[in-house]
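Sequence order for the protein chains is A and B. Oh and the first sequence: position 128 is 129 in our numbering, straight run, nothing missing. Oh and the second sequence: position 23 is 182 in our numbering, straight run, nothing missing. Read through the structure below, which is laid out as structure tokens, and then see the notes.
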Amino acid sequence: MFPPAAESYLTDGRTVWSWLTTHDHKRIGVMFLGLTLFFFLVGGLFALALRIELLTPGRTIMGHLAYNRMFTLHGVTMVWLFMIPAIPSAFGNFLVPLMIGARDVAFPRLNLASVYLYVLGASVTLWGMFEGGADTGWTFYTPYSTTTGTAVLPVLVGVFIIGFSTILTGLNFIATVHTLRAPGLTWMKLPLFVWAIYGTSIIQVLATPVLGMVLLLVALERVVGAGIFDPARGGDPLLFQHLFWFYSHPAVYIMVLPSMGVISEAVCAFSRKNAFSYRMIVYSTLGIAFVGFFTWGHHMFTSGQSTFGAGAFGAMSMLVAIFTAIKIFSWLGTLYRGSIAIESPLLYTLGFMFFLFFGGMIGVAYATTSLNLHWHDTYSVVAHFHFIMVGATVMAFLGALHYWFPKMSGRRAPAKLANGAAVLIIFGFIATFVPQFLLGNLGMPRRYADYPPHFQSLHVASTAGASLLAFGFLIIAGYLAWSLRYGEVAGDNPWGSEGFEWRSASPPPTHNFTTTPEYPTGPHEYAREEVPHAA
Amino acid sequence: MNELLRRLFFLPEQGSTFAVKVDHLHYVLLLTTFAVAVGIGAVGIFFLVRYRRRTASDPTPRVVAPVWLEALFIGVPLSLFLLWFVLGFKQFVWVMSPPQDALDVYVTGKQWMWKFTYPGGPSAIDTLVVPAGRPVRLLLTSRDVIHSFYVPDFRMKRDAVPGRYTDLWFEAPKPGRHPVLCAEYCGLDHSVMRGEVVVLPPADFDAWQDAQRRNLPVARTPESMAVRGERVAAAQGCLQCHTVTGAPHIGPTWLGLYGRKEPLEGGGAVLADEAYLTESMMDPLAKVVAGYAPVMPGYHSRLSAEDTGALVEFIKSLRPLRPGVTAAEEPVYVPTGR
Ligand SMILES: [Cu+2]
Ligand SMILES: [Cu+2]
């Protein structure tokens, strides 16, 4: 199945058992990649069902209850089973040790445990889905989530378990980056992807316990009637929202920061340039990780929180947007005077920058507080976070998949087909989600199984776009599967990249490096002489 | 221009004074976003063409952003964002502060309908009738889960939360009809929990209200909310601890309580508005007025949403009479805002 070339991590033990008991960060990364891709497919099928139901007002293929369960499962699957582990657990595990010149992560056994915790949590969640499935939305707002009769409990427990997988992965990366960097590889020489994973890990370790706690409280409320969120017993339903968003706003950055790391790598590699402003990208990564914890109230402008509170959260949210703006300018500057190769990872990078900018600016508009009163809980918000989650993170995920496919498998995907698919995905995305912004402007609330007829034309446009997207994903799945076996053998560094991970063979041997690599400069130094100014 | 942009962005009709204000900010923001997005796209495509790779080993220079450029990249968006924030937050403060002469209507969300109650009667399901050109303040609560009262034409929504009151105000300048939607997911029929705001010319509104009050069957004489509140207060035993005469007893007197700043046990003070009065019924020990023992039980399970609203109206009606001021049928209150 894989190139019969030299010894690699793929040929070191060929049995299933050797995979199930592996401590090799690369194999663990590959397993996470397979698992998250599977759940991306599941969540995508849910999304398609939703889009089909929304083709017409009234009933198209399912009733209200089925629809309400379907959007809950779509959200839960995509957020916790795909988006959060996708880049850190799959690509992070594979690449971070390679990028810092280490043989493995700091705690290889914990790393394996995080795979099993993820599988366990996912199984419990899946079982809950077959048991009928929760109908609360992925946000589990009380008091609805504590009173509805559907199978909320297994989903809560499943997500709770997955949380531990996330925490272990985060802890592992923090310890790895601190202790296992090769001699001479100082902090300010670290690849930007490593910085992004490091920032993400901090958020994972600090925020995920709050999610675990709040899910546990909802479970307690359902099982023994604890009354914490129940106003009839002196509880406060809004307390849930504060706790939930205290996790879930930073969680947005758990999903976005790694993708920013991917883009920082890809933009350098495909323009043969050093990062335009390495330190701005590093500091803004840390800035996002920190300030992201103080913006959760922007999800509650209409909930009756104080006017002053809304203002403070709005202003903090503006600050987070600045960090993102800085990165976009730095990536754009990297292209300046580069040698730009039109390859699929670069196309995804361009799509990423555009969608992140547009989606981010809508976020800035929400942070003005007054505009949010119209947009809150409408399709505008749905479009906004899909711009960030699909337009940015999934684009980066696909970019990473194409950029590092030769690193992981030793083979290349057909370039022309990959470029075509990237263009198709970008246009499919625009066709799906731009109509949703307009739906939000028109006043279409989210989580609606049924809607007044004047919203229909935009819904039809969005569904058409979604089928284009689905077609694009199908093509990608097809040629990647084909390339695993029949793709052109890549060689060690098919892209000519100066990223540190390419210093080992592709696919890498079990212990990554045969000789200890040296690090006289930072990553992506292509030039020989220095030009200090942009002019 | 306004009309053109409104249609371009698919915004619905501008049914309130706030809608016009907020739409202008919307245009400024979106047009700026488009302009910068086009700029970024143009620069990106220009780089792509100009610096396209010709050979696999094209030499590239090492370019690092100079500090002034970094400062520019931070400074320009930061000042733009802060400017927008100041503009937006000003509108937000304005729209969060109901004017003094607003007409009050109580709104109760319930799976899956809206109930509107006028302090002097009547009450209606799913249709809210209001006069044009006069501010209306809605006092929202819910009987079960959280709902959100949303009128797209007013660019305005507010959550209806069980166990507490939130408020929202609007002024519809012209007569017309505006759909009401529920914007917070509330279960099975969330998507069909719809209603309508009917804006009538002021004279027609008065006539409608009179007719409604007159036409109620005798057995259901329109009991004003304040009257009902007085009955509830007696039935629930509130008056055993709270006087309506101004004399302090086990709890603070209700006379003139509404709109007063009460010092709190443990420091600080609270404005006795609808939200505080409701909170004190549901969770009395949260904020105890200084000088009183924390002995009041919570009434959440004992008071329906209607009874709670009625009690609040009763307390609001207990204002010390001053010469020349006659008790009004419409609620009298001190505004919490401007
Ligand atoms: Cu957020
Ligand atoms: Cu609802």
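Glycine is no exception: its CB is placed at the ideal position from the N, C-alpha and C atoms. These numbers come from a predicted model, not from an experiment.
(request) Taking Tyr254(A) and Ile204(A) to be in contact with their CB atoms under 8 Å, please state how far apart those CB atoms are, rounded to whole angstroms. (result) 6 Å
(message) For a test of the three-state rule: what should DSSP assign to Ile518(B), helix, strand or coil?
(response) Because chain B is modelled from 160 through 497, residue 518(B) falls outside the range shown and cannot be assessed.
(request) Answer yes or no: the CB of Val253(A) versus the heavy atoms of ligand 1, is any distance below 7 Å? (result) yes
(request) Go through its chain and collect everything with a Cβ distance to Val224(A)'s Cβ below 8 Å, but skip five positions before and after it. (result) Leu154
(message) Beta-carbon distances below 6 Å to any heavy atom of ligand 2 define the shell here; list its residues in chain order, please.
(response) His306(B), Cys341(B), Glu343(B), Tyr344(B), Cys345(B), His349(B), Met352(B)
(message) Just to confirm the assignment, what range does the alpha helix (DSSP H) spanning Met100(A) have?
(response) 94-100
(message) Can you confirm whether Arg52(A), when its beta carbon is compared against all beta carbons of chain B, has any partner nearer than 8 Å?
(response) no
(request) Classify Val339(B) as buried or exposed, calling it buried when 16 or more other Cβ atoms lie within 10 Å of its own Cβ. (result) buried
(message) Can you tell me whether Trp20(A) is helix, strand or coil according to DSSP?
(response) helix
(message) Does chain A have any CB closer than 8 Å to the CB of Arg379(B)?
(response) The predicted model places Arg379(B) with a pLDDT of 47, which falls under 50 and marks its position as unreliable; any figure quoted below should be read in that light. Look at Arg379(B): its C-beta is not under 8 Å from any C-beta on chain A.
(request) Show which residues of chain A have a CB atom less than 9 Å away from the CB atom of Leu237(B). (result) In chain order, Met319, Leu320, Ile323, Ala326 make up the part of chain A whose C-beta sits under 9 Å from the C-beta of Leu237(B).
(request) Could you confirm whether any beta carbon from chain A is found closer than 8 Å to the beta carbon of Thr219(B)? (result) For Thr219(B), the nearest beta carbon of chain A is closer than 8 Å to its own beta carbon.
(message) Does chain A have any CB closer than 8 Å to the CB of His459(B)?
(response) Yes - at least one Cβ of chain A is within 8 Å of the one on His459(B).
(request) Look at the alpha carbon of Arg413(A) and the alpha carbon of Phe388(A), and state the distance between them as a whole number of angstroms. (result) Rounded to whole angstroms, Arg413(A) and Phe388(A) show a C-alpha spacing of 29 Å.
(message) I'd like to know whether the C-beta atoms of Ala323(A) and Ile199(B) end up nearer to each other than 8 Å.
(response) The question names Ala, but residue 323(A) in the sequence shown is Ile. No; because the gap between Cβ atoms is not below 8 Å, this pair is not in contact.
(message) Comparing C-alpha positions only, which one of Val179(B), Cys341(B), Ala406(B), Ser476(B) sits nearest to Trp271(B)?
(response) Cys341(B)
(message) Tell me whether His385(A), by its Cβ, gets closer than 7 Å to a heavy atom of ligand 1.
(response) no
(message) Can you check which of these residues, Ala311(A), Ala423(A), Thr296(A), His385(A), is closest to Leu351(A) by C-alpha distance?
(response) Ranking Ala311(A), Ala423(A), Thr296(A), His385(A) by Cα distance to Leu351(A) puts Ala423(A) first.
(message) Using 8 Å as the cut-off, can you tell me whether the region 88-105 of chain A makes contact with the region 24-44 of chain A, which would need three or more C-beta pairs spanning the two stretches below that distance?
(response) Touching, yes.
(request) Give the residues from the region 181-213 of chain B that approach chain A closer than 7 Å (Cβ to any Cβ), ordered along the chain. (result) Val181, Leu184, His185, Leu188, Thr192, Ala196, Ile199, Gly200, Val202, Gly203, Phe206, Leu207, Tyr210, Arg211, Arg212
(request) State yes or no: is the C-beta of His455(A) within less than 8 Å of the C-beta of Ala368(A)? (result) no
(request) Provide the residue span of the beta strand (DSSP E) that contains Leu298(B), from first to last. (result) Run containing Leu298(B): 295-301, per the beta strand (DSSP E) assignment.
(message) If distances are taken between C-alpha atoms only, which option among Ser463(A), Thr511(A), Gly421(A) comes closest to Gly441(A)?
(response) Out of Ser463(A), Thr511(A), Gly421(A), Ser463(A) has the C-alpha closest to the C-alpha of Gly441(A).
(message) My output table needs one value for Phe329(B): the three-state DSSP class, helix, strand or coil.
(response) Phe329(B) falls in the strand class under three-state DSSP.
(request) Quick one: give me the first and last residue of the alpha helix (DSSP H) that Asp432(B) is part of. (result) Asp432(B) -> no alpha helix (DSSP H), and no H or E assigned at all.
(request) Taking C-beta pairs closer than 7 Å, name the residues in chain B that Ser340(A) reaches, listed in chain order. (result) Residues of chain B passing the Cβ test: Tyr210, Arg212, Asp217, Thr219.
(message) For ligand 1, is there any heavy atom lying closer than 7 Å to the beta carbon of Thr201(A)?
(response) no
(message) Is Thr394(A) a contact residue of ligand 1, with contact defined as CB to any heavy atom under 7 Å?
(response) no
(message) Strictly by DSSP, which residues pair up with Pro338(B)?
(response) Within the DSSP secondary-structure output, Pro338(B) pairs in a beta bridge with Glu355(B).
(request) Sort out for me which residues DSSP pairs Leu221(A) with in a bridge. (result) Leu221(A) pairs with nothing; no bridge assigned.
(message) So that I know if they touch, is there some Cβ in chain A lying closer than 8 Å to that of Asp318(B)?
(response) yes
(request) Check each candidate in His185(B), Ser175(B), Val245(B), Gly405(B) and name the one with the smallest Cα separation from Arg166(B). (result) His185(B)
(message) My output table needs one value for Trp524(B): the three-state DSSP class, helix, strand or coil.
(response) With chain B covering only 160 through 497, there is no way to say anything about residue 524(B).
(request) Tell me whether the beta-carbon of Met281(A) lies closer than 8 Å to the beta-carbon of Ser249(A). (result) no
(request) Take the Cβ of Asp136(A) as the centre, count every other Cβ of all protein chains shown within 10 Å, and call the residue buried at 16 or more, exposed below. (result) buried
(request) Measure the alpha-carbon distance for Val223(B) versus Gly488(A) and round it to whole angstroms. (result) 38 Å
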